[in-house]
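Peer 1: Here it is: the structure, laid out below.
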Ligand code: ADP
């Protein structure tokens, strides 16, 4: 009868509430752990360049050092300071994204024109490493993008293709309209990514080869930023790769 039904319903709700609270507690615990790990990574990432800066500055100030040696140490200090500046800038961007104070101003743009401009801008860096940069785009694809942010996405991907490929290899940017979406692919025939790392590379500070990333000026944040920006555009991004053969990064954007 009614009172029995009410009691059972009440117990059910209580059990549901209990489960919800437990899930919430687990989520909070997870977030706390993530935050702790993130902070630990930041201090670790800053400690390495700082150690170099301090060590080399100490040597560079020795009075009887040869001029050319001093200059060599000063160049290293400068490079390390640049790395730290990049790291702090990227951390600041991610912090803004986390606080949702990050604004995307989407406007219609001709994707081929946008990619062509980017291609021309990046070409000298590729030529410097004796590499080619090919660009293929179907005519008249219109996308809704925040051009400044999206340029950051493409630069990060092309920078990676450049960093993780050997001299003389080829990188391509390809864009096409598919059934309900627009696809942009950056592909290289560089060192590739082992399968077990593939799912992690969009995480903050995740690197397959720490020393290669560091010596080429990597922060481990580039792909995390790519993911945030692409998702803020309503799109998706993933990487496919064969270790030793090359990598394709595929961005999908919603059709306008
Ligand atoms: P990083 O600053 O280290 O390049 P990213 O977030 O851009 O950081 O990339 C994360 C890691 O993914 C890199 O350290 C590298 O190991 C791997 N990676 C990214 N792009 C490529 C690529 N095109 N080829 C091979 N490895 C790549």
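Numbering (the UniProt record's numbering), first residue to last: 201 to 456. Cβ coordinates follow ideal geometry from the N, Cα and C atoms, glycine included.
When you compare each of 400, 333, 414, 339 to residue 199 by their alpha carbons, which one comes out closest?
Peer 2: Because the chain in this structure spans residues 201 to 456, residue 199 falls outside the shown range and cannot be described.
Peer 1: By the 10 Å Cβ neighbour count, where 16 or more other Cβ atoms means buried, how is residue 264 classified, buried or exposed?
Peer 2: For the purposes of this step, residue 264 is taken as the residue at position 64 of the chain shown. Answer is exposed; the Cβ neighbour count stays below 16.
Peer 1: Using three-state DSSP, classify residue 374 as helix, strand or coil.
Peer 2: Residue mapping note: residue 374 aligns to position 174 of the chain shown, counting from 1. Three-state DSSP puts residue 374 in a strand.
Peer 1: Can you tell which of 294, 320, 344 has its C-alpha closest to the C-alpha of residue 307?
Peer 2: Counting from one through the chain shown, the residue named residue 307 turns up at place 107. Nearest option by C-alpha distance: 344.
Peer 1: DSSP state of residue 334, grouped into three classes?
Peer 2: Taking the first residue of the chain shown as 1, we reach residue 334 at position 134. Three-state result, residue 334: strand.
Peer 1: Counting along the chain, where does the alpha helix (DSSP H) carrying residue 413 start and finish?
Peer 2: Within the chain shown, numbered from 1, the residue matching residue 413 stands at position 213. Looking at the DSSP string, the run of the alpha helix (DSSP H) that includes residue 413 is 410 to 415.
Peer 1: What residue does the beta strand (DSSP E) around residue 387 start on, and which one ends it?
Peer 2: Taking the first residue of the chain shown as position 1, residue 387 is located at position 187. Looking at the DSSP string, the run of the beta strand (DSSP E) that includes residue 387 is 381 to 388.
Peer 1: Would you call the segment 387 to 395 and the segment 428 to 437 touching, i.e. three or more CB-CB distances under 8 Å?
Peer 2: The segment 387 to 395 is not in contact with the segment 428 to 437.
Peer 1: Give me the Cα-Cα distance between residue 403 and residue 209, rounded to the nearest whole angstrom.
Peer 2: On the chain shown, residue 403 is found 203 positions in, with the first residue counted as 1. On the chain shown, residue 209 is found 9 positions in, with the first residue counted as 1. For residue 403 and residue 209, the distance between alpha carbons rounds to 43 Å.
Peer 1: Mind checking whether residue 382 and residue 323 have CB atoms under 8 Å apart?
Peer 2: Within the chain shown, the letter at position 182 stands for residue 382. Within the chain shown, the letter at position 123 stands for residue 323. No; because the gap between Cβ atoms is not below 8 Å, this pair is not in contact.
Peer 1: From the DSSP output, in three-state form, read off residue 456 for me.
Peer 2: Start at 1 with the first residue of the chain shown, and residue 456 comes out as number 256. Looking at residue 456 - three-state DSSP - the assignment turns out to be coil, as it is neither helix nor strand.
Peer 1: What runs of the beta strand (DSSP E), each 3 residues or longer, lie entirely inside the segment 213 to 261?
Peer 2: Correct list: empty.
Peer 1: Could you work out which residue in 408, 362, 377 is closest to residue 339 when comparing CA atoms only?
Peer 2: Looking up residue 339 in the chain shown gives position 139. With distances taken between Cα atoms, residue 339 lies closest to 377.
Peer 1: Under 7 Å from any heavy atom of the ligand ADP, does the C-beta of residue 415 make it?
Peer 2: Indexing the chain shown from 1 puts residue 415 at position 215. It does not: the Cβ of residue 415 is nowhere closer than 7 Å to a heavy atom of the ligand ADP.
Peer 1: Name the two residues that bound the continuous alpha helix (DSSP H) containing residue 271.
Peer 2: The residue you call residue 271 lines up with position 71 of the chain shown. Here the alpha helix (DSSP H) through residue 271 covers 267 to 298.
Peer 1: Roughly how far, in whole angstroms, is the beta-carbon of residue 328 from the beta-carbon of residue 287, given that I think they are within contact range, below 8 Å?
Peer 2: Mapped onto the chain shown, residue 328 falls at position 128. Mapped onto the chain shown, residue 287 falls at position 87. Incorrect: roughly 23 Å between the Cβ atoms, too far for contact.
Peer 1: Look up residue 356 in the DSSP assignment and say whether it is helix, strand or coil.
Peer 2: Taking the chain shown and counting its residues from 1, the one referred to as residue 356 is at position 156. Note: residue 356 maps to helix in three-state DSSP.
Peer 1: Among 353, 313, 255, which one has its Cα closest to the Cα of residue 422?
Peer 2: Along the chain shown, read from residue 1 onward, the residue named residue 422 stands at position 222. Checking every option, the nearest Cα to that of residue 422 belongs to 353.
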